[in-house]
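Numbering (our numbering), first residue to last: 14 to 497.
From the three backbone atoms N, C-alpha and C, an ideal C-beta is built for every residue, glycine too.
In this text, all values refer to a predicted model and were calculated from it rather than measured experimentally.
Worksheet: the structure to be examined is printed underneath.
Listed below in structure tokens is the structure:
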């Protein structure tokens, strides 16, 4: 079978492959890792599978019709996110009009709302793969005549949506092939907070924590942390170095696991494996405040770890409890002290606008972030995505200001879609921007940030990141949203 897997565009700079799909304030562009996994599975099964990242190639949604005509595929796999779903459906329609391909849709929005999405597509989407779709896409391609027997899908039949029983999560992650990065130009992806170039490594899936706003554990990968073996993880690192040598020379690997440090012994084993092979790489990981450990952090530093990305989320203990973060603000300072002793940088993540937020707690979070001694920080407006507990709560309480899924992005920018009594969407956005300005526009911070520059490549990503953020501030109102 001939299959095209497409990371389709939406508005300019829209990044659909991150946890909160949006045009970020730093204009992050991330490689389509989950599509790359599905591509690799199809290739290993002997199919002619090709991965296209239309976003990285700066193409428009309208260009998808030409792509379908040129390649005449049997199947086209398209991603879906809440802000872009109407455009995603329109892309499916253009594929149908330009070819005889059957359209498979994957991703968080169609996983949360499969029947609704199929109805809205009016036949443009044939099959929805729900949740982890690496193996499900292959089953659909090879068993399109017996869809009723395939778990984890919904499909359009006789003008109605049929939703099959759920598919069990993938247990043996080592059995999956490495992502099909060979289809992409990895030098086209950029994140101002990471060394350039960077490549994602997913060494485990799922998250045992229950934060009400986090999309992937609730909709895609579950709340049970499933792990790859250390040898398999480091095999992938060596494979990626052969594909993109620059990642070892000037860039870094980023462990996209929800919490790399949650299993100390497995994290130590990966560090040992990296060191025993003499790879001399740089990497960063996601971590939690309650996983601070002197032995682990020291071992990670010795193996090449540069930075810990940590969801501190709020400076208000009441807010941490409301979002089910199960952390204490005092732990944040203990974590920072442990990271500093190990010589690790820390990127802090903060979310503003979850239930119970007030102007006072917003200011408290900003002051808290500035006082931690972080290397970098990000502030995000809380966005309730379908399938999460946060969305259900906002719907029940009538806090949503959005009237349609297209409202999940405001004039192309990452933006809030909830109003609370005493705290409007506009004030939430105000405090997100205020937090960024107060954190980064400190003369001492800016000087120190530049003095820590490691190389010309590092200087490039810092200047580009600063430029992207400045463009956001200058063009605050942005272009009108278009889907074609």
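Burial state of residue i, where buried means 16 or more other Cβ atoms lie within 10 Å
| i | result |
| --- | --- |
| residue 21 | buried |
| residue 171 | exposed |
| residue 125 | buried |
| residue 110 | exposed |
| residue 205 | buried |
| residue 113 | exposed |
| residue 86 | buried |
| residue 71 | exposed |
| residue 36 | buried |
| residue 461 | exposed |
| residue 373 | exposed |
| residue 144 | buried |
| residue 497 | At residue 497, the pLDDT of 38 sits below 50, so the modelled position is not reliable; the number obtained from the coordinates is stated separately. Exposed, by the Cβ-count rule. |
| residue 459 | exposed |
| residue 398 | buried |
| residue 77 | buried |
| residue 442 | buried |
| residue 121 | buried |
| residue 338 | buried |
| residue 494 | Only weak support exists for where residue 494 lies, its pLDDT of 38 falling under 50; the coordinates are left without a value. |
| residue 200 | exposed |
| residue 454 | exposed |
| residue 79 | exposed |
| residue 234 | buried |
The ligand SAM heavy atom lying under 8 Å from the CB of residue i
| i | result |
| --- | --- |
| residue 161 | You won't find the ligand SAM in this model; it holds no ligand whatsoever. |
Bridge partners - residue i, DSSP secondary structure assignment
| i | result |
| --- | --- |
| residue 421 | DSSP, once it has assigned bridges, lists no residue as partnering residue 421. |
| residue 170 | 173 |
| residue 359 | 321 |
| residue 281 | In DSSP, residue 281 forms no bridge with anything. |
| residue 4 | As displayed, the chain neither begins before 14 nor continues past 497, which places residue 4 out of reach and without an answer. |
| residue 118 | 91, 141 |
| residue 182 | DSSP lists no partner for residue 182. |
| residue 265 | 211 |
| residue 218 | 239 |
Reference residue i, options the options, closest by Cα
| i | options | result |
| --- | --- | --- |
| residue 166 | 139, 448, 190, 290 | 139 |
| residue 313 | 358, 205, 206, 328 | 358 |
| residue 66 | 47, 60, 366 | 47 |
| residue 385 | 327, 85, 404 | 327 |
| residue 94 | 311, 287, 64, 34 | 34 |
| residue 55 | 189, 92, 309 | 189 |
| residue 419 | 102, 361, 17 | 102 |
| residue 187 | 319, 246, 197, 92 | 246 |
| residue 203 | 218, 68, 302, 235 | 68 |
| residue 332 | 235, 370, 96 | 370 |
| residue 287 | 305, 315, 362 | 315 |
Residue i - DSSP class collapsed to helix/strand/coil
| i | result |
| --- | --- |
| residue 231 | helix |
| residue 494 | In this prediction, residue 494 scores a pLDDT of 38, lower than 50, which makes its location untrustworthy; the coordinate-derived value is nonetheless stated afterwards. In this structure, residue 494 counts as coil in the three-state DSSP scheme. |
| residue 451 | helix |
| residue 213 | strand |
| residue 476 | helix |
| residue 201 | helix |
| residue 239 | strand |
| residue 438 | helix |
| residue 58 | coil |
| residue 5 | Residue 5 lies beyond the residue range present for the chain, which begins at 14 and ends at 497; the question has no answer from this structure. |
| residue 373 | helix |
| residue 431 | strand |
| residue 160 | helix |
| residue 20 | strand |
| residue 27 | coil |
| residue 109 | helix |
| residue 409 | helix |
| residue 256 | helix |
| residue 385 | coil |
Report task. Within the region 295-340, note down every full beta strand (DSSP E) run reaching 3 residues or more, in order along the chain. Result -> Those beta strand (DSSP E) runs which fall completely within the region 295-340 and span 3+ residues are 296-300, 318-326.
Query raised in the report: What are the complete alpha helix (DSSP H) segments, minimum 4 residues, inside the region 125-149?
Result: Taking only runs of at least 4 residues, the alpha helix (DSSP H) segments lying wholly in the region 125-149 are 127-134.
Requested in this report: Quick one: which unbroken alpha helix (DSSP H) runs of 4-plus residues sit fully inside the region 59-85? Chain order, please.
Outcome: For the region 59-85, the continuous alpha helix (DSSP H) assignments of 4+ residues that do not extend past its boundaries occur at 76-84, in sequence order.
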